[in-house]
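The structure appears right after this line, and notes come after that.
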Amino acid sequence: MNDHRQNLHAFARAMPKAELHIHIEGSLEPELIFTLARRNGVDLPYASVEALRAAYAFTNLQSFLDIYYAGASVLLYEQDFFDMAWAYFERARADNVVHAELFFDPQTHTDRGVPIRFVIDGLHRACVKAQAELGIRAELILCFLRHLSEEAALATLEQARPHRHQFIGVGLDSSEVGHPPEKFARVFAAARALGLHAVAHAGEEGPPQYIWDALDQLAVERIDHGVQALRDAELVARLARERIPLTVCPLSNVKLCVFAQLRQHNLRELLQRGLVATVNSDDPAYFGGYINQNFIETLDALDLTGAELVTLARNSFDASFASEADKARYHAQLDACCREFGISR
Ligand code: HPA
Ligand code: ZN
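So that you can map any letter, position 316 of the sequence shown is 315 in the numbering used here, and since no number is skipped, the others follow by simple counting.
So this is what it looks like as structure tokens:
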């Protein structure tokens, strides 16, 4: 590796960044799954950590979700949710994440009889500790499972209402195709009426129309994934004009066969079309790495420039729900890092 590339790698690792697309249940490493299974007396259909890891060969989103929900079955108590989130924050700190907005899926747990307060209190306790001990500002975004009904989503929002101060927004995840955004128009309107932010997965496997519908029917402020947008020039123009961020997850897209190879990923084209694209890990325990691994592998595969890396980090702050004061602080930290590594913006 030449000196220039080595410096870019070091810069990509060191630069302060926000992570905006991480499913906290997708950060559950096989080792922690087995530890929690033993602690809680949960039987797993896998004999060992190695056997579980060997099952992580996915052909599409659904093939992943089946294993992801099985892994989450070991989470029963408040402490389990805390431990999972704390393990993520330690990894995030190592990757110089200064701001994180974590997705969580309450229905995955409440449908197994876990009280929603165990879920939210455990995750929120880890967020508070991350701020105090690691200097990471962390927020929670409650996601509705789109393969379930809107009535179930409305009931979940109602259950979460006493915890309104512990999360900042709502999202939409799980099986995309066949579950269009408009299915959730009422629950998103109710969430927005509570002053919550709104985001949704759209255009991961689904068509550009799902991105239009997430914007028009759910009034979302960001699109999660959104990589299918390039199939629709009018949509690209709108996303650029309105500066709607896309939370892109390169390693996830390859693992779930959205792109055959990382070299074929459209991240650079998204940036060149003027879209506010960001890099994120999605489900790092399942997809081959945390946020810096996503940056490093994408940097190598697409031969990203220093200026493109800076744009991605800048975009992550602009796309976040941080206060204007925090955003200004993050940008200043990034500027200092650019000077340290001799990266021009
Ligand atoms: N897409 C949809 N739902 C999800 C994902 C994803 O990548 N990860 C966890 N739930
Ligand atoms: Zn996701």
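Even glycine gets a Cβ: it sits at the ideal position worked out from N, Cα and C.
Given the structure is predicted, the values throughout are model-derived calculations rather than measurements.
Could you tell me the distance, in whole angstroms, from the CA atom of residue 342 to the CA atom of residue 309? Taking the sequence shown and counting its residues from 1, the one referred to as residue 342 is at position 343. Taking the sequence shown and counting its residues from 1, the one referred to as residue 309 is at position 310. Those two C-alpha atoms are separated by around 8 Å.
Could you tell me whether any non-hydrogen atom of the ligand ZN is closer than 7 Å to the CB of residue 2? Here residue 2 refers to the residue found at position 3 of the sequence shown. For the ligand ZN, not one heavy atom lies less than 7 Å from the Cβ of residue 2.
Any heavy atom of the ligand HPA closer than 7 Å to the CB of residue 134? Position 135 of the sequence shown, counted from the first residue, corresponds to residue 134. Outside the cutoff, so no.
Compute the beta-carbon to beta-carbon distance between residue 200 and residue 220, rounded to the nearest angstrom, for a pair I have assumed lies under 8 Å. Along the sequence shown, read from residue 1 onward, the residue named residue 200 stands at position 201. Along the sequence shown, read from residue 1 onward, the residue named residue 220 stands at position 221. About 14 Å separates the two Cβ atoms, so there is no contact after all.
Assuming residue 210 contacts residue 228 (C-beta within less than 8 Å), just tell me the rounded distance between them. Taking the sequence shown and counting its residues from 1, one reaches residue 210 at position 211. Taking the sequence shown and counting its residues from 1, one reaches residue 228 at position 229. In this structure residue 210 is in contact with residue 228, their Cβ atoms being roughly 6 Å apart against a cut-off of 8 Å.
For residue 280, which residues in the same chain have their Cβ closer than 6 Å to its Cβ, ignoring the five residues on either side in sequence? Within the sequence shown, residue 280 is the residue found at index 281, counting from 1. Answer for residue 280: 21, 289, 290 and 293, listed in chain order.
Can you tell me whether residue 91 is buried or exposed? The criterion is at least 16 other CB atoms within 10 Å of its CB, across all chains shown. Position 92 of the sequence shown, counted from the start, is the residue given in the question as residue 91. By the 10 Å Cβ count, residue 91 comes out buried.
Keeping to the same chain, check which residues put their C-beta closer than 6 Å to that of residue 184; ignore five residues upstream and five downstream. Residue numbering aside, residue 184 sits at position 185 when the sequence shown is read from its first letter. Excluding sequence neighbours, residue 184 sits near 216.
Return the first residue and the last residue of the beta strand (DSSP E) that residue 143 is part of. Taking the first residue of the sequence shown as 1, we reach residue 143 at position 144. Where residue 143 is concerned, the enclosing beta strand (DSSP E) stretches over 136-144.
Give a yes or no on whether the C-beta atoms belonging to residue 64 and residue 148 are separated by under 8 Å. Within the sequence shown, numbered from 1, the residue matching residue 64 stands at position 65. Within the sequence shown, numbered from 1, the residue matching residue 148 stands at position 149. Against a cut-off of 8 Å, the Cβ pair of residue 148 and residue 64 comes out as no contact.
Beta-carbon distances below 6 Å to any heavy atom of the ligand ZN define the shell here; list its residues in chain order, please. Taken from the N-terminal end onward, the list reads 20, 22, 172, 200, 223 and 281.
Give the single residue among 151, 226, 146 and 103 whose Cα lies nearest to the Cα of residue 267. Within the sequence shown, residue 267 is the residue found at index 268, counting from 1. The option with the nearest alpha carbon to residue 267 is 226.
For residue 171, does the count of other Cβ atoms within 10 angstroms reach 16, so buried, or fall short, so exposed? Residue mapping note: residue 171 aligns to position 172 of the sequence shown, counting from 1. Buried: at least 16 other Cβ atoms inside 10 Å.
Between the region 103-121 and the region 141-159, do three or more beta carbon pairs fall short of 8 Å? As far as the Cβ criterion goes, the region 103-121 touches the region 141-159, which means the pair count is three or higher.
Does the ligand HPA have even one heavy atom less than 7 Å from the beta-carbon of residue 70? By one-based count along the sequence shown, residue 70 stands at place 71. Result no, Cβ not under 7 Å from the ligand HPA.
To the nearest angstrom, how far is the alpha carbon of residue 75 from that of residue 250? Indexing the sequence shown from 1 puts residue 75 at position 76. Indexing the sequence shown from 1 puts residue 250 at position 251. Taking the straight line from one Cα to the other gives about 29 Å.
Quick test of the definition: if touching needs 3 or more C-beta pairs under 8 Å, does the region 92-101 touch the region 318-338? yes
Shortest alpha-carbon distance to residue 137 belongs to which of 13, 304 and 17? Here residue 137 refers to the residue found at position 138 of the sequence shown. Residue 137 has its Cα closest to that of 17, out of 13, 304 and 17.
CB residue 121 to CB residue 80, shorter than 8 Å? Within the sequence shown, the letter at position 122 stands for residue 121. Within the sequence shown, the letter at position 81 stands for residue 80. Yes, these two residues count as a Cβ contact at 8 Å.
With a threshold of 16 other CB atoms inside 10 Å of the CB of residue 83, please say whether the residue is buried or exposed. Here residue 83 refers to the residue found at position 84 of the sequence shown. Per the 10 Å Cβ criterion, buried.
For residue 110 and residue 154, what's the separation of their Cα atoms in angstroms? Position 111 of the sequence shown, counted from the start, is the residue given in the question as residue 110. Position 155 of the sequence shown, counted from the start, is the residue given in the question as residue 154. Cα to Cα, residue 110 sits roughly 12 Å from residue 154.
Going by DSSP, name the residue or residues bridged to residue 168. The count along the sequence shown starts at 1 and reaches residue 168 at position 169. DSSP output for residue 168 lists 140 and 196 as bridge partner(s).
Can you give me the start and stop residues for the beta strand (DSSP E) that residue 277 sits inside? One-based indexing of the sequence shown puts residue 277 at position 278. Going by DSSP, residue 277 is part of the beta strand (DSSP E) stretching over 276-278.
Return the CA-CA distance between residue 298 and residue 304, expressed in angstroms with no decimal places. Position 299 of the sequence shown, counted from the start, is the residue given in the question as residue 298. Position 305 of the sequence shown, counted from the start, is the residue given in the question as residue 304. Residue 298 and residue 304: Cα-Cα distance of roughly 8 Å.
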